[in-house]
Structures are given as C-alpha cells and as structure tokens.
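**Q** Okay, handing you the structure first.
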Amino acid sequence: MHNYSNYGVLMMNLGTPDGSESSDVRRYLREFLSDSRVVDLNPLIWQPLLNLVILPFRSPKVAKVYQQVWMDEGSPLLVLSNRLKNNVKKALSDKAGHTVPVELAMTYGNPSVESAAKALREQGVNNIIVIPMYPQFSSTTTAAAYDRVMLSLKKCPHWPSLQLLHDYADHPMYIKALANSIRDQWDKQGERRHLVLSYHGIPKRYVTNGDPYARRCEKTSQLVAEELELGDHEWTHVYQSRFGREEWLKPYADATLKALPSMGIKKINVISPAFSIDCIETLEEVTLELGDEFKDNGGLAFDYIPALNDTPDHVALYVNLIEKNTQQWS
Numbered sequence: 017m018h019n020y021s022n023y024g025v026l027m028m029n030l031g032t033p034d035g036s037e038s039s040d041v042r043r044y045l046r047e048f049l050s051d052s053r054v055v056d057l058n059p060l061i062w063q064p065l066l067n068l069v070i071l072p073f074r075s076p077k078v079a080k081v082y083q084q085v086w087m088d089e090g091s092p093l094l095v096l097s098n099r100l101k102n103n104v105k106k107a108l109s110d111k112a113g114h115t116v117p118v119e120l121a122m123t124y125g126n127p128s129v130e131s132a133a134k135a136l137r138e139q140g141v142n143n144i145i146v147i148p149m150y151p152q153f154s155s156t157t158t159a160a161a162y163d164r165v166m167l168s169l170k171k172c173p174h175w176p177s178l179q180l181l182h183d184y185a186d187h188p189m190y191i192k193a194l195a196n197s198i199r200d201q202w203d204k205q206g207e208r209r210h211l212v213l214s215y216h217g218i219p220k221r222y223v224t225n226g227d228p229y230a231r232r233c234e235k236t237s238q239l240v241a242e243e244l245e246l247g248d249h250e251w252t253h254v255y256q257s258r259f260g261r262e263e264w265l266k267p268y269a270d271a272t273l274k275a276l277p278s279m280g281i282k283k284i285n286v287i288s289p290a291f292s293i294d295c296i297e298t299l300e301e302v303t304l305e306l307g308d309e310f311k312d313n314g315g316l317a318f319d320y321i322p323a324l325n326d327t328p329d330h331v332a333l334y335v336n337l338i339e340k341n342t343q344q345w346s
C-alpha cells in the first residue's frame, strides 16, 4: 500500500543556462528575453534586435560572468535551489510521517516544468501547490512562472488542482530570517553598518500600469528596518540590474552607492531581499560591480550578506508557507 501524500510541491525559480559556455548562455537568454512578461515590446521590432544585436554581444559577456561564479556541481542558482528543495522535502516529510513530494522547476531552461510535473504525477499527486521563489510579487517573475505552469498543462488531459502562492514579502518568518542574517553578519564584523537593501529593478512603466512589485519591495525594507530598530538614516532602499534606455524603478543602486561615501557613509552591508537564492545578480553584480563602485568612490568597507539560500530559517519559512496553503487538502 503506497502512503501517497495528498499534495505535492512545485518550487519554481527563474532559470539558468545548462552550462557556462557562450552557446549555453545564448540559448537560455533567448528563451528568457523572448517572454513578453519580461520584455513587452512588439516582437516584430524586438526579435530581430534580440537575435541580431543583443544575443551575439551579451552572450559571451554573460558567459564570462557565469564562469566566475560556476560551482563544481553547476550553476549556483540551480545548486542552491536544489539544496533548499531537498531540505524542505525532508522537513515536510519528517513532520508528516511520510514522504511529501517536492520538485524544482525553472520558468526558463532546466529542470523544466514538464519534467517536474511528470515526477509529481508518478508519485500519485493530484493536488499541487506552486511556490514561485520570489518574495515580492511581480508580473515579470511570479506571473511568468504561473504562465509557464499553465502552458505545461495545455497538452495535459488530466489537470491537478492547483494552489498558486502569491508572495511572502511581509511574512513575519521571512522578515525575521532576513533580520537574523543581518545580525549574524554584524556579529561577524564586530560592528553594525549602514544597511543597503537592493532589489532587482523593473521598468517603472510596469509599476505605473499596476504591477505591485515596488510596493511589496518597500514593505519588506520597512519591516526589516523596524525589526532591526534602524533609524531612517541607517538604511537605504535601492534597485539594481537595469538595462536598456527607459526609466526603471529608482533610486538606482549604482548611482546611490557612488554617492554614499561623499555623504559620510563609508562602511556598508548590502542585502538583496528579492533573491531567495544567490545567483549571478548577487554573486557578481552586487559583490563585484557595486562593491567596486562603492570603493572607487571612497567607500572603505563593503560586505554582501548572502541570500537565505538553504539556511534553517529559510527552510522553516517554506515549510510554514506550504503547510498554511495546503490545509484544504490535509
């Protein structure tokens, strides 16, 4: 007699190339940047630009960055997401007294939603909770993950019942986990420093059109500052990773970090709460690029506080989110 779980978990992250060569990166970027959720320009204009200009120039550059951060087991995003998934599965199964199926999929690239859904189906799962691993909802990330799930079901004759997690930007366990990781860093340094909370940017136009992302990011920063009892002058909220010519969410991380030393703020810690897992944007862009800009402009000390990754606090948060959102099936 199989002791089937009455639900399964599909954890979803953005995606990563299969390898760190230029051809792997090009294939991945083509899929990612062809999603109208990510770039909403007219495809007749965008596709030629993407294939003839952006991919040939960006792919080798991005591949070099991946080569800097690649781990023995593969891409940091995939390796660390898998570790979190395995720990969440173990914690859920230990509490339930039987195996709770948990699978990982990426919106772009591998492992695909189809392969993860097939694995869940083979474990007898009819109810699936989908957890996009983005603390703050955005149509560019969370909704893109939902689209990908629905697309995978297009050819599927038998649909499971689905529960889609929206986000957890203000979940008390998430705020506490971030605050704990910041306190740990301060203890390690032997000092509290000015805290910079840096979020992945999106074009301002998306927010003007109703995307709640900026509001959710601001909420997270505010709650973390309250939890740490920081005064307004002790923390700064910024957005990173913009590209292209249009206006993105402000304040921009690079401009802000250049200016901080001239305002007398010469020692900082940076945390990126929009990333549940460390990846190219945190390991390279924040740690190296932003760190260099800060120091080149008179900054003395710059330390990045890692994403929550597979820490016990993060596992506990995900277990709580899953249990709370699957009560109708238990």
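Sequential numbering of the sequence shown, starting at 17, is according to my numbering. We put the beta carbon where it would ideally sit given N, CA and C, even for glycine. As the structure is a computational prediction, the values presented were derived from the model and not from experiment.
Assuming residue 284 is part of the beta strand (DSSP E), what are its boundary residues?
**A** Where residue 284 is concerned, the enclosing beta strand (DSSP E) stretches over 283 to 287.
**Q** Return the chain-ordered list of same chain residues with a C-beta closer than 8 Å to the C-beta of residue 297, the five sequence neighbours on each side being excluded.
**A** For residue 297, where only same-chain residues beyond five positions count, the Cβ hits under 8 Å are 216, 256, 257, 288 and 291.
**Q** Starting from residue 271, trace the alpha helix (DSSP H) in both directions and tell me its first and last residue.
**A** From DSSP, the alpha helix (DSSP H) with residue 271 extends over 269 to 275.
**Q** Where in the stretch 49 to 106 do unbroken runs of the alpha helix (DSSP H), each at least 4 residues long, occur, reported from the N-terminal end onward?
**A** List check, alpha helix (DSSP H) in window: 59 to 65 and 71 to 85.
**Q** Along the chain, where does the alpha helix (DSSP H) that runs through residue 242 open and close?
**A** Looking at the DSSP string, the run of the alpha helix (DSSP H) that includes residue 242 is 229 to 243.
**Q** Distance check for residue 295 and residue 303, CA to CA, integer angstroms please.
**A** Near 11 Å, if we compare the C-alpha coordinates of residue 295 and residue 303.
**Q** Can we say the stretch 184 to 195 touches the stretch 132 to 152, given the rule of at least three CB pairs closer than 8 Å?
**A** Touching, yes, given that three or more Cβ pairs across the two stretches are closer than 8 Å.
**Q** What residue range is occupied by the uninterrupted beta strand (DSSP E) comprising residue 188?
**A** No beta strand (DSSP E) holds residue 188; the alpha helix (DSSP H) holding it covers 188 to 205.
**Q** Roughly how many whole angstroms lie between the Cα atoms of residue 19 and residue 140?
**A** Summary for residue 19: the model assigns pLDDT 48, below 50, so the residue's position carries little reliability; its value from the coordinates is reported in the next sentence. Cα-Cα distance, rounded: 10 Å.
**Q** Among the residues of its own chain, which have a CB less than 7 Å from the CB of residue 323, if the five just before and after it don't count?
**A** Counting only Cβ-Cβ distances below 7 Å, and skipping sequence neighbours, we find 288, 291, 292, 293, 294 and 298.
**Q** Which value, in whole angstroms, describes the spacing of the CA atoms of residue 163 and residue 169?
**A** Going from the Cα of residue 163 to the Cα of residue 169 covers about 10 Å.
**Q** Once DSSP output is grouped into helix, strand and coil, what is the label at residue 219?
**A** Note: residue 219 maps to strand in three-state DSSP.
**Q** Tell me the rounded alpha-carbon separation between residue 328 and residue 104.
**A** Cα to Cα, residue 328 sits roughly 9 Å from residue 104.
**Q** Do residue 325 and residue 26 count as a contact pair if the criterion is CB distance below 8 Å?
**A** Going by C-beta atoms, residue 26 is not nearer than 8 Å to residue 325.
**Q** Which same chain residues, not among the five before or five after residue 41, have their C-beta less than 7 Å away from its C-beta?
**A** Contacts found: 33, 75, 78, 79 and 82.
**Q** Where do the N-terminal and C-terminal ends of the beta strand (DSSP E) with residue 24 fall, by residue?
**A** Here the beta strand (DSSP E) through residue 24 covers 24 to 32.
**Q** Could you give the residue range of the alpha helix (DSSP H) that holds residue 120?
**A** It is not in any alpha helix (DSSP H) - residue 120 instead sits in the beta strand (DSSP E) that spans 118 to 125.
**Q** Is the stretch 238 to 255 in contact with the stretch 330 to 342, if contact means three or more CB pairs nearer than 8 Å?
**A** Contact between the stretch 238 to 255 and the stretch 330 to 342 is absent, because fewer than three Cβ pairs lie under 8 Å.
**Q** According to DSSP, what are the bridge partners of residue 317?
**A** Its beta-bridge partners are 283.
**Q** Grab me the residues of residue 222's own chain with a C-beta within less than 6 Å of its C-beta, minus the 5 sequence neighbours each way, in chain order.
**A** None.
**Q** Could you tell me the alpha carbon to alpha carbon distance between residue 235 and residue 345, rounded to whole angstroms?
**A** Rounded to the nearest angstrom, the two C-alpha atoms are 31 Å apart.
**Q** Run through DSSP, which three-state label would residue 347 get?
**A** There is no way to answer for residue 347, as the model of the chain reaches only from 17 to 346.
**Q** Quick one, which of 39, 318, 175 and 156 has its alpha-carbon nearest residue 277's?
**A** Checking every option, the nearest Cα to that of residue 277 belongs to 318.
**Q** Determine whether the beta carbon atoms of residue 160 and residue 51 lie at a separation below 8 Å.
**A** In this structure, residue 51 lies closer than 8 Å to residue 160 by Cβ.
**Q** Under 7 Å from any heavy atom of the ligand FAD, does the C-beta of residue 200 make it?
**A** This structure lacks the ligand FAD, and indeed carries no ligand of any kind.
**Q** Nearest to residue 36 by alpha carbon, out of 93, 259 and 60?
**A** It is 93 whose Cα lies nearest to the Cα of residue 36.
**Q** Using only the alpha-carbon positions, how far apart do residue 120 and residue 307 sit?
**A** Straight-line Cα distance between these residues: approximately 32 Å.
**Q** On the premise that residue 286 lies in contact with residue 214, defined as a C-beta separation below 8 Å, what is that separation, rounded to the nearest angstrom?
**A** Yes, they are in contact, since the Cβ atoms of residue 214 and residue 286 sit about 6 Å apart, within 8 Å.
**Q** Measuring only the C-alpha atoms, how far is residue 178 from residue 337?
**A** Distance between the alpha carbons of residue 178 and residue 337 is about 15 Å.
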